[in-house]
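Student:
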Amino acid sequence: MIQRIQTIWLVLAAICGFAMSRVPLFDATLADNSSRIVFASDHLVVFALSIAVACMSTIAIFLFKKRTTQFKLAVVGILLSIVVVGLEVYYINSFKQSTPIIKGTYNVGGLLPIAMAIFLWLAAGGIRRDEKLVKSLDRLR
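Each residue of the sequence shown is one higher than the one before, counting from 0 in numbering that gives the first Met the number 0.
1) Decide if Leu78 is buried, meaning its Cβ has at least 16 other Cβ atoms within 10 Å, or exposed.
2) What number of angstroms, rounded off, separates the C-alpha of Ala114 from the C-alpha of Lys102?
3) Beta-carbon separation of Ser40 and Ser20 under 8 Å?
4) Can you find at least 3 beta carbon pairs, one from the segment 81-101 and one from the segment 109-123, that sit closer than 8 Å?
5) DSSP on Lys71, reduced to helix/strand/coil?
6) Say whether the segment 15-34 touches the segment 63-75, bearing in mind that this needs 3 or more beta-carbon pairs closer than 8 Å, one atom from each stretch.
7) Measure the beta-carbon distance from Ala59 to Leu9 and round it to whole angstroms, keeping in mind my assumption that it falls under 8 Å.
8) Which runs of the alpha helix (DSSP H) fall wholly inside the segment 56-102 and span at least 4 residues, in chain order?
9) Apart from the five residues on each side of it in sequence, which residues of its chain come closer than 8 Å, Cβ to Cβ, to Arg66?
10) Verify whether the separation of the beta carbon atoms of Leu11 and Phe118 is less than 8 Å.
11) Would you kindly work out how many angstroms separate the C-alpha atoms of Leu121 and Gln5, rounded to a whole number?
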């Protein structure tokens, strides 16, 4: 059923993925006192993976009759969001190395892939519980 708790987790994961394109990841004050904001859309791989995870989460919402496929999409989404976190850290560290920075801070966008992974993990748990329930009911017949 589409009104299960994992639907809420999948929707929240999709929102986090789509928000990555608009929310700044890193804010830096450069040596010449100018400000530079780094977005996920500045790096094609991070942007593409975050949008892909968001699309996978959206597709998984409507696969409620195919719980095994829905579970697999959630697990792949978790792995891809962990990859997004790693790539995000790599790109920001390479930005720090290539540009003279006085001060730099991570913004809310830096936490979105972590939140995406957590929401997908919670959704996978809900899907697994539903699958166990269905299998136990099939045994009783």
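Positions of the beta carbon are idealized from the N, C-alpha and C atoms, including for glycine.
Note that the coordinates shown come from a computational prediction; the quantities given were computed from them, not determined experimentally.
Tutor: Answer, in terms of the structure:
1) exposed
2) 25 Å
3) Yes; because the gap between Cβ atoms is below 8 Å, this pair is in contact.
4) yes
5) helix
6) A contact is defined here as three or more CB-CB pairs under 8 Å, and the segment 15-34 fails this definition with respect to the segment 63-75.
7) Contact holds; Cβ gap of about 5 Å.
8) 66-97
9) Ile126, Asp129, Glu130 and Val133
10) Yes; because the gap between Cβ atoms is below 8 Å, this pair is in contact.
11) 7 Å
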